[in-house]
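Visitor: Sending over a structure as structure tokens; questions will come in a sec.
Protein chains: 2
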Amino acid sequence: MDHCTTCVVRNRAICSALEMDEISLLGKMGRHHKLIAGQTLIWEGEDSLLVANVIEGVLKLSTSLSDGREQIVGVVYPSDFIGRPFGTRVQHNVTALTDAHVCTFSSSDFDRFAQTHPQLEHKLLERTLTELDRTRRWLLLLGRMTASEKLAYFLLDMSQRLVRPDCANEGPIDGFDLPFGRQQIADILGLTIETVSRRLNDFKVQGLIAVPSRRRIEILDREALENITEAA
Amino acid sequence: MDHCTTCVVRNRAICSALEMDEISLLGKMGRHHKLIAGQTLIWEGEDSLLVANVIEGVLKLSTSLSDGREQIVGVVYPSDFIGRPFGTRVQHNVTALTDAHVCTFSSSDFDRFAQTHPQLEHKLLERTLTELDRTRRWLLLLGRMTASEKLAYFLLDMSQRLVRPDCANEGPIDGFDLPFGRQQIADILGLTIETVSRRLNDFKVQGLIAVPSRRRIEILDREALENITEAA
DNA sequence: GTAGTGCAATGATCCATGTCAACGCTCTAG
DNA sequence: CTAGAGCGTTGACATGGATCATTGCACTAC
Chain A
1 MDHCTTCVVR NRAICSALEM DEISLLGKMG RHHKLIAGQT LIWEGEDSLL VANVIEGVLK
61 LSTSLSDGRE QIVGVVYPSD FIGRPFGTRV QHNVTALTDA HVCTFSSSDF DRFAQTHPQL
121 EHKLLERTLT ELDRTRRWLL LLGRMTASEK LAYFLLDMSQ RLVRPDCANE GPIDGFDLPF
181 GRQQIADILG LTIETVSRRL NDFKVQGLIA VPSRRRIEIL DREALENITE AA
Chain B
1001 MDHCTTCVVR NRAICSALEM DEISLLGKMG RHHKLIAGQT LIWEGEDSLL VANVIEGVLK
1061 LSTSLSDGRE QIVGVVYPSD FIGRPFGTRV QHNVTALTDA HVCTFSSSDF DRFAQTHPQL
1121 EHKLLERTLT ELDRTRRWLL LLGRMTASEK LAYFLLDMSQ RLVRPDCANE GPIDGFDLPF
1181 GRQQIADILG LTIETVSRRL NDFKVQGLIA VPSRRRIEIL DREALENITE AA
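These protein sequence lines map, in sequence, to chains A and B. So for the first sequence, the working numbering puts the first residue at 1; every next one is plus one. So for the second sequence, the working numbering puts the first residue at 1001; every next one is plus one.
Here it is as structure tokens:
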């Protein structure tokens, strides 16, 4: 939680995300926060509007009903932005799934900065449109897919998104560690942990995947998983 | 489907949406299309990327699985934008729910225009962020709500969004005509028509709503509907 | 009027997923 | 070693919503 107005650590994530000169952006403003897995990001002050940029780690965005039912509505990775610029409050919780490092900006600082850097708005718009598309595909998943279809889609999606940054080679990988426990998978897919467990076991029995440890998944038959999502 | 390069009809919607001078935008480019209810907007050529602005009417964005299951992933109203600027293909169908009037721009024209008008990008970003928020709340609905909760939420949402443009007075209205048939309500909420029909009837019996005709809804007990969505 | 068409409502049954409860791993602390 | 906590798995059972089939109601065409 070290406040740093003159930001020593170069914010590589934000710069590479925006394809901008590092120096122009940095040392500007921004508070760096380290979060440990499970910790929720507090939008300090309750009425101070914030925007944040993920530097390291994976975080979830979630909403709940008053009786405790929870739905994860977004998962953010390094270089992604969280929050609502331009004066609207964000209305979901932000929780670290792994240890994480984020950089927050007050909404007013951010807006002021955006005005002088049209490239920022452009990049942000592109990313927001991409996120909207992703979220809309998610609607199809939640509204119309069976548990098996949801899980197959989820596993394939993860195999694309969890590509290690150090492996520059593109393309999905067949073995990966989920940043999620069973409860979180359930909260993403709109299921219960029991159903997640059972359908995952089905896949295992059918030889489509291997689960060598709690969070490790190995895809053995990608094509079969694709067939499950695409029709049924 | 009259092509109009020098656009005579002033595109009020797009201008008011952007809070820009009408003249600056118009006569630029843009093809006007009239769609009749049920008609699907064809992104002509299949590889020409388009952006569109709704001038009049209500349209749905939908995706389907190969076996016919359909999920509506967005509903757009006058002044809303459809499509993906910046060179990505849009991946859902756009269908008119009422007779509609849209104005389309080639993606390249639109992008070129956007570069010289940073306000356009700004407004577009604001709208996209709002739409993303709305879509994320929809995830909660599809993933975690029961049929009754979904319907109550839907009715309340409609009562806010279907405010006639001529009624300048803000606030939700208690009687309105849905631009949807039962099947479309089902496709929005991830239900079947039968369930929609049954739960709607429950509300009727309980005196929460009246349904004087197929598409007309009158909310009699708003508070009760709110209680249904917010907890249960 | 009748016939036909397109939706919506209702009824009977089924099944996928939720619910509740028990059990089993694995890791840590002592 | 044992105790306990935290997850994940498995089993038995309940149920909300889907499915299938029928009926009803407007509206149009003739």
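Where is the CB? At the ideal position from N, CA and C, for every residue including glycine. These numbers were taken from a predicted model, which means no experiment stands behind them.
(1) Let me confirm a value: residue 1042(B) is counted as buried when at least 16 other C-beta atoms fall within 10 Å, else exposed. Which label applies?
(2) Applying the 10 Å Cβ sphere with the 16-neighbour rule, what's the burial state of residue 1201(B)?
(3) Just verifying my parser: in three-state terms, what is the DSSP assignment at residue 1021(B)?
(4) So what's residue 1082(B) in DSSP terms, helix, strand or just coil?
(5) Going by beta-carbon coordinates alone, are residue 1176(B) and residue 1162(B) separated by less than 7 Å?
(6) Would you kindly check if the distance between the Cβ of residue 183(A) and the Cβ of residue 1140(B) is under 7 Å?
(7) Answer yes or no: does any C-beta atom of chain B fall closer than 7 Å to that of residue 75(A)?
(8) For residue 114(A) versus residue 83(A), is the C-beta distance shorter than 7 Å?
(9) With distances taken from CA atoms, which of 1148(B), 1098(B), 1090(B) and 1119(B) is nearest residue 1229(B)?
(10) Could you tell me whether any Cβ in chain A is nearer than 7 Å to the Cβ of residue 1228(B)?
(11) Enumerate, from N- to C-terminal direction, the unbroken alpha helix (DSSP H) stretches of 4 or more residues contained entirely within the stretch 143-192 of chain A.
(12) Mind reading off the beta-carbon distance from residue 109(A) to residue 29(A)? Whole number of angstroms is fine, and I expect it under 8 Å.
(13) Can you tell me which of 86(A), 120(A) and 37(A) puts its alpha carbon nearest to the alpha carbon of residue 57(A)?
(14) List the whole-angstrom C-beta distance separating residue 49(A) from residue 74(A), where the pair is believed to meet the contact cut-off of C-beta under 8 Å.
(15) Can a CB atom of chain A be found closer than 7 Å to the CB of residue 1225(B)?
(16) Give every residue of the same chain whose Cβ lies closer than 7 Å to the Cβ of residue 160(A), excluding the five residues on either side of it in the sequence, and list them in chain order.
(17) Taking buried to mean at least 16 other C-beta atoms within 10 Å of its own C-beta, is residue 214(A) buried or exposed?
(18) Examine chain B for any beta-carbon lying closer than 7 Å to the beta-carbon of residue 86(A), and answer yes or no.
(19) Assuming residue 1226(B) contacts residue 1156(B) under a Cβ cut-off of 8 Å, what Cβ separation, rounded to an integer in Å, is found between them?
(20) Sorted by chain position, which residues of the same chain lie with C-beta nearer than 7 Å to residue 24(A)'s C-beta, five sequence neighbours on each side aside?
(21) Expressed to the nearest angstrom, what Euclidean distance is found between the alpha-carbon atoms of residue 142(A) and residue 1066(B)?
(22) Looking at the secondary structure, which residues open and close the alpha helix (DSSP H) in which residue 234(A) lies?
(23) Could you tell me the distance, in whole angstroms, from the CA atom of residue 1185(B) to the CA atom of residue 1207(B)?
(24) Near residue 191(A), what residues of its chain come up, given a Cβ to Cβ distance below 6 Å and the 5 sequence neighbours on each side ignored?
(25) Within 10 Å of its beta-carbon, does residue 1187(B) have 16 or more other beta-carbons around it, so buried, or fewer, so exposed?
(26) Any idea which residues DSSP pairs residue 75(A) with across the strands?
(27) If we count the other Cβ atoms within 10 Å of its Cβ and call it buried at 16 or more, is residue 131(A) buried or exposed?
(28) I'd like to know whether the C-beta of residue 26(A) is nearer than 7 Å to at least one C-beta of chain B.
(29) Counting only Cβ pairs nearer than 7 Å, list the residues of chain B close to residue 143(A).
(30) Expressed to the nearest angstrom, what Euclidean distance is found between the alpha-carbon atoms of residue 1002(B) and residue 1136(B)?
(31) So who's on the other strand from residue 1106(B), going by DSSP bridges?
(32) Quick check on DSSP: helix, strand or coil for residue 1089(B)?
(33) Taking Cβ to Cβ, would you say residue 40(A) is nearer than 7 Å to residue 95(A)?
(34) Using a Cβ-Cβ cutoff of less than 6 Å, which residues in the same chain neighbour residue 1151(B) once the five nearest sequence positions on both sides are dropped?
(35) What distance in whole Å lies between the Cβ atoms of residue 1144(B) and residue 69(A), which are believed to be in contact at a cut-off of 8 Å?
(36) So, helix, strand or coil for residue 1035(B), using DSSP?
Guide: Taking the geometry as given:
(1) Position 42 of the second sequence holds residue 1042(B). So residue 1042(B) ends up on the exposed side.
(2) The residue labelled residue 1201(B) in the question sits at position 201 within the second sequence. Flag for residue 1201(B) reads exposed.
(3) Numbered from its first residue, the second sequence carries residue 1021(B) at position 21. Bear in mind that the predicted position of residue 1021(B) carries a pLDDT of just 49, short of 50, making it unreliable; the figure below should be weighed with that in mind. Looking at residue 1021(B) - three-state DSSP - the assignment turns out to be coil, as it is neither helix nor strand.
(4) The count along the second sequence starts at 1 and reaches residue 1082(B) at position 82. The DSSP-derived three-state label of residue 1082(B) is strand.
(5) Indexing the second sequence from 1 puts residue 1176(B) at position 176. Indexing the second sequence from 1 puts residue 1162(B) at position 162. Cβ atoms of residue 1176(B) and residue 1162(B): closer than 7 Å.
(6) Counting from one through the second sequence, the residue named residue 1140(B) turns up at place 140. Counting from one through the first sequence, the residue named residue 183(A) turns up at place 183. With contacts defined by Cβ atoms closer than 7 Å, residue 1140(B) and residue 183(A) do not form a contacting pair.
(7) Counted from its first residue, the first sequence places residue 75(A) at position 75. Not an interface residue.
(8) Numbered from 1 along the first sequence, position 114 holds the residue referred to as residue 114(A). Numbered from 1 along the first sequence, position 83 holds the residue referred to as residue 83(A). No, these two residues do not count as a Cβ contact at 7 Å.
(9) For the purposes of this step, residue 1229(B) is taken as the residue at position 229 of the second sequence. Measuring from the Cα of residue 1229(B), the nearest candidate turns out to be 1148(B).
(10) On the second sequence, residue 1228(B) is found 228 positions in, with the first residue counted as 1. For residue 1228(B), the answer is no, since every Cβ of chain A falls outside 7 Å of its Cβ.
(11) The qualifying runs are 147-161 and 182-189.
(12) The count along the first sequence starts at 1 and reaches residue 109(A) at position 109. The count along the first sequence starts at 1 and reaches residue 29(A) at position 29. Sure, about 5 Å apart at Cβ, within 8 Å.
(13) Here residue 57(A) refers to the residue found at position 57 when the first sequence is read from its first residue. Residue 37(A) is the option with its Cα nearest to residue 57(A).
(14) Working through the first sequence from its first residue, we reach residue 49(A) at position 49. Working through the first sequence from its first residue, we reach residue 74(A) at position 74. Contact between residue 49(A) and residue 74(A) fails: their C-beta atoms lie close to 18 Å from each other, not under 8 Å.
(15) Sequence index remark: in the second sequence, residue 1225(B) carries index 225 (1-based). Closer than 7 Å: no.
(16) Residue numbering aside, residue 160(A) sits at position 160 when the first sequence is read from its first letter. Same-chain partners within the cutoff: 172.
(17) What you label residue 214(A) is simply residue 214 of the first sequence in a count that begins at 1. It is exposed - the Cβ of residue 214(A) has fewer than 16 other Cβ atoms within 10 Å.
(18) Counting from one through the first sequence, the residue named residue 86(A) turns up at place 86. Closer than 7 Å to some Cβ of chain B, the Cβ of residue 86(A) qualifies, so yes.
(19) Here residue 1226(B) is taken as the residue at index 226 of the second sequence, counted from 1. Here residue 1156(B) is taken as the residue at index 156 of the second sequence, counted from 1. Right, the Cβ-Cβ distance comes to about 7 Å (below 8 Å), so this counts as a contact.
(20) In the first sequence, counting from the first residue as 1, residue 24(A) sits at position 24. For residue 24(A), the predicted model reports a pLDDT of 46, less than 50, meaning its position is unreliable and no value from the coordinates is stated.
(21) Mapped onto the first sequence, residue 142(A) falls at position 142. Mapped onto the second sequence, residue 1066(B) falls at position 66. Using only the alpha carbons, I get a separation of about 16 Å.
(22) Residue 234(A) lies beyond the residue range present for chain A, which begins at 1 and ends at 232; the question has no answer from this structure.
(23) The sequence position of residue 1185(B) within the second sequence is 185, counting from 1. The sequence position of residue 1207(B) within the second sequence is 207, counting from 1. Cα to Cα, residue 1185(B) sits roughly 21 Å from residue 1207(B).
(24) Locating residue 191(A) in the first sequence gives position 191, where the first residue counts as 1. So the list reads 147, once near-sequence residues are dropped.
(25) On the second sequence, residue 1187(B) is found 187 positions in, with the first residue counted as 1. Buried, because 16 or more other Cβ atoms sit within 10 Å of the Cβ of residue 1187(B).
(26) Residue 75(A) sits at position 75 when you count from the first residue of the first sequence. According to DSSP, which records beta bridges pairwise, residue 75(A) is partnered with 60(A).
(27) If you number the first sequence from 1, residue 131(A) lands on position 131. With 16 or more Cβ atoms within 10 Å of its Cβ, residue 131(A) is classed as buried.
(28) Your numbering for residue 26(A) matches position 26 in the first sequence. In this predicted model, residue 26(A) has a pLDDT of only 41, less than 50, meaning its place in the structure is not dependable; the value taken from the coordinates is given anyway. Residue 26(A) does not count as touching chain B.
(29) If you number the first sequence from 1, residue 143(A) lands on position 143. 1071, 1142 and 1190, listed in chain order.
(30) Here residue 1002(B) is taken as the residue at index 2 of the second sequence, counted from 1. Here residue 1136(B) is taken as the residue at index 136 of the second sequence, counted from 1. Because residue 1002(B) sits at a pLDDT of 34, beneath the cut-off of 50, its placement in the model cannot be relied upon, and the following sentence gives the value as read from the coordinates. Near 37 Å, if we compare the C-alpha coordinates of residue 1136(B) and residue 1002(B).
(31) Indexing the second sequence from 1 puts residue 1106(B) at position 106. 1050(B).
(32) The sequence position of residue 1089(B) within the second sequence is 89, counting from 1. DSSP places residue 1089(B) in coil when its eight states are reduced to three.
(33) Here residue 40(A) refers to the residue found at position 40 when the first sequence is read from its first residue. Here residue 95(A) refers to the residue found at position 95 when the first sequence is read from its first residue. It is a contact, given that the beta carbons lie within the stated cut-off.
(34) Working through the second sequence from its first residue, we reach residue 1151(B) at position 151. Hits under 6 Å: 1199.
(35) Counting from 1 along the first sequence, the entry for residue 69(A) is found at position 69. Counting from 1 along the second sequence, the entry for residue 1144(B) is found at position 144. With 8 Å as the limit, residue 69(A) and residue 1144(B) qualify as a contact, their Cβ atoms being about 4 Å apart.
(36) As a working note, residue 1035(B) is residue 35 in the second sequence. Annotated three-state conformation of residue 1035(B) is strand, per DSSP.
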